[in-house]
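Engineer: Pasting a structure here, questions to come.
There are 2 protein chains.
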Amino acid sequence: MTEHTVRAFTEELEALGADLTRMGGFSEQALGDAVTAIARRDANLARIVIEGDKKIDVLQREIERKIMRLLALRQPMGRDLRQTVAALKLAGELERIGDLAKNIAKRALNIQEFEPIALTRSVERMGKIAVKQLKQILDTLTSQIVAGAVSVWMQDEELDEHYNSLFRELLTYMMEDPRMIGPGAHLLFVAKNIERIGDHCTNMAEVIYYLETGEDIGTDRPKAVDAALPPISLPPPATA
Amino acid sequence: MTEHTVRAFTEELEALGADLTRMGGFSEQALGDAVTAIARRDANLARIVIEGDKKIDVLQREIERKIMRLLALRQPMGRDLRQTVAALKLAGELERIGDLAKNIAKRALNIQEFEPIALTRSVERMGKIAVKQLKQILDTLTSQIVAGAVSVWMQDEELDEHYNSLFRELLTYMMEDPRMIGPGAHLLFVAKNIERIGDHCTNMAEVIYYLETGEDIGTDRPKAVDAALPPISLPPPATA
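Line by line, the protein sequences give chains A and B.
Read in order, the letters of the first sequence are residues 1 to 240 in full-length UniProt numbering.
Read in order, the letters of the second sequence are residues 1 to 240 in full-length UniProt numbering.
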C-alpha cells in the first residue's frame, strides 16, 4: 500500500469508529430514557424512545455498507481486519440494545395501572446498572483499554442476580393480587430485557477483548446460578 | 488469482457452507427437541438439548475463525465477499437460536407441575411453526433459491399472531388459578422465545436475500399489530 492509501484507510476506520460511537450514544440515551419512562410512567418519553429507534437502525445499515466497501476495496489484514469485523459485530449488538430499549418503552405505555412503586423502583435500579455497564463498555470502545472490557465482562452476574430477585418479587406480587398479572407480566419482560442488555454488553466486551488481544476472553462467563430460571419458591398464594 | 487459488478458495467457501449446514442441523434438532420436551414434559430430552448447545457454540467459534482466515488470506470481493460476511451473520443467528432452544429446554424442567394440556398444546403448535420456518430457511441456504427466503420473510406474522393469542390465554389461566402463575410465567417466556426464533429466521431470510440479490429485501417486515405487546383485555379475575 502507498502511504496515501494507508492514510485513506486509517481515516475510513476512524470514521467507522465515530459512527459506532454515535450509535452507542443513541442506544445509551434510548436505554436511559426507557428506564425513566418505566419509573415515572412517562408516556411522552416512551414515545420518543420508540420513534428514535429508527435512527439507530439507519445508522447500523450505514455502518454495514461502509464495512462491506472497506473489506472489498481495502482488503484489510491483521489488526485492521479484526477492527473491521469487530465494528460489524458491535453495530449488531448496539442495534439489538436499541430494539430492547424500544420494547421496554412500549411496555412503559402498558403499565400505567401498575401501582406498586417499590417494584418499578427495583426495575429502575436494575435499569441503571445496565445503563452504567453500557456506558462503561462504550468508554472502552473509545479508549481501547482492555481492562474496561474485562471489568464489564465480570459484571454480568450483578444484573442476573437483580433479575432473579425481581422475578420472585413480581411473581409474589401477582399472586397476591391477580389484577396485577397483566402489568406484572409486562414488567417481567422489562426485567428480562434489561438482563439481555447486560448480555449484549458482555458480548461487546468479548468482541473488544478479542480485538485488542487477538485472543478469546474465555468461554465461561460469570453467571449467577441461572438467570433464565430463577428457582420458584414463593409464599402460598394469598387467594388460594 | 491463479486457477489454483480460485479452486482452493471455492473449496474453502464450500467447507464453510457445509459447517453452516451442520450448525443449522444441530439448531433445528435442538429446537424440535425443546418443543417436544415442553409438550411431553420430557426431562431427559430437555437435558440432552441443554447439554447439546455446547457443540453449537463450538461450531460457531470454528466458523468464525475460518471466516477471519478467509478474509485475511483470500481477500474476497463481490459475491464471494457477500457470501463470507453472510456466513458470519448466519452463524450468529443460528447460535442465538441454539441458545433460545436451550432456554426453552431449561423451562421444560420447571413446568412439571403445569397441568393444562391445552396450553402446552398451543405452545407445541407454535413451536412446530418455528421448526418449519427454520427448516425452510435452512433449505434456502442449501438451494440458494431466493423465493424461499422471501417466503420465510413473509411468514413472520404467523408466529406473532400465535404469540399474541397464547399470551392472552396464559394470562387468563394465571388469573383463574394463582398457583399457575409460576409455571405460567415460564410458559410466557417459552412462547416469547419461540417468537424470537421466528425473528431470527426472518433475519436469516434477509441475509440470504441480500447475498443472492445484493439488495435489501425491504425495511418493513410484515408484523401482526405488535408482537411484543398483545393488548390486554382479559375477563375479570376469578379470584377478585
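For glycine and all other residues, C-beta sits at the position ideal for the given N, C-alpha and C.
Small disclaimer: the values here were computed from a predicted structure and weren't measured.
Does the Cβ-Cβ distance between methionine 126/B and alanine 39/B come in under 8 Å?
Structural biologist: Taking 8 Å as the Cβ cut-off, methionine 126/B and alanine 39/B do not qualify as a contacting pair.
Engineer: Using only alpha-carbon positions, find the residue among Leu71/A, Ala87/A, Gly78/A, Gln83/A that is nearest to aspartate 80/B.
Structural biologist: Taking only the C-alpha atoms, the option nearest aspartate 80/B is Leu71/A.
Engineer: List the residues of chain A that alanine 72/B touches, going by C-beta distances under 8 Å, in chain order.
Structural biologist: Met77, Gly78, Leu81, listed in chain order.
Engineer: Entirely within the UniProt domain "PhoU" (20–107) of chain B and at least 4 residues each: give me those alpha helix (DSSP H) ranges in chain order.
Structural biologist: Fully enclosed alpha helix (DSSP H) runs of 4 or longer: 43–74.
Engineer: With 7 Å as the C-beta to C-beta threshold (strictly closer), list the residues of the region 152–171 of chain B near chain A in chain order.
Structural biologist: Cβ contacts with chain A come from Leu171.
Engineer: Cβ atoms of leucine 171/A and serine 122/A: under 8 Å apart, would you say?
Structural biologist: No; because the gap between Cβ atoms is not below 8 Å, this pair is not in contact.
Engineer: Helix, strand or coil for glutamine 171/B, going by three-state DSSP, please let me know.
Structural biologist: In the sequence under discussion, the amino acid at residue 171/B is leucine, which differs from the glutamine named in the question. In the structure shown, leucine 171/B sits in a helix (DSSP, three-state: H, G or I).
Engineer: Confirm, please, whether the CB-CB distance from valine 49/B to lysine 132/B is below 8 Å.
Structural biologist: Against a cut-off of 8 Å, the Cβ pair of valine 49/B and lysine 132/B comes out as no contact.
Engineer: For proline 236/A, count neighbouring Cβ atoms within 10 angstroms of its own Cβ and tell me buried if that reaches 16, exposed if not.
Structural biologist: With a pLDDT of only 40 at proline 236/A, under 50, the local geometry of the prediction cannot be trusted, and no value is derived from it.
Engineer: By Cβ distance, which residues of its chain are closer than 6 Å to threonine 140/B, with the 5 residues on each side in sequence left out?
Structural biologist: Excluding residues within five positions, the ones whose Cβ falls inside 6 Å are Gly148, Ala149, Ile208.
Engineer: Contact check, proline 178/B vs methionine 175/A under 8 Å by CB: the rounded distance?
Structural biologist: So it is a contact: roughly 5 Å between Cβ atoms.
Engineer: State yes or no: is the C-beta of aspartate 57/B within less than 8 Å of the C-beta of glutamate 95/B?
Structural biologist: Against a cut-off of 8 Å, the Cβ pair of glutamate 95/B and aspartate 57/B comes out as a contact.
Engineer: Can you grab the Cα-Cα spacing for the pair arginine 196/B / isoleucine 67/B, in whole Å?
Structural biologist: So the two alpha carbons sit approximately 26 Å from each other.
Engineer: Rounded to the nearest angstrom, what separates methionine 204/B and valine 152/B at their Cα positions?
Structural biologist: Answer to the nearest angstrom: the Cα atoms are 9 Å apart.
Engineer: Measure the C-alpha to C-alpha separation of leucine 19/A and lysine 55/A and round it to an integer number of angstroms.
Structural biologist: The question names leucine, but residue 19/A in the sequence shown is aspartate. In a straight line, the C-alpha of aspartate 19/A is about 12 Å away from that of lysine 55/A.
Engineer: Report the three-state DSSP secondary structure of glycine 182/A (helix, strand or coil).
Structural biologist: Helix at glycine 182/A.
Engineer: In chain B, which residues lie with their C-beta within 7 Å of the C-beta of alanine 185/A?
Structural biologist: Ordered by position in chain B, the residues that pass the 7 Å Cβ test against alanine 185/A are Leu171, Leu188.
Engineer: Please state the DSSP three-state secondary structure of glycine 217/A.
Structural biologist: Per the sequence shown, residue 217/A should be read as isoleucine rather than glycine. Of the three classes helix, strand and coil, the one that applies to isoleucine 217/A here is coil, per DSSP.
Engineer: Taking 8 Å as the CB-CB cut-off, is isoleucine 181/A touching chain B?
Structural biologist: Closer than 8 Å to some Cβ of chain B, the Cβ of isoleucine 181/A qualifies, so yes.
Engineer: Going along chain A, which residues have a C-beta under 7 Å from methionine 174/B?
Structural biologist: Within 7 Å Cβ-Cβ: Ile181.
Engineer: What are the boundary residues of the alpha helix (DSSP H) that glutamine 136/A is part of?
Structural biologist: Looking at the DSSP string, the run of the alpha helix (DSSP H) that includes glutamine 136/A is 117–143.
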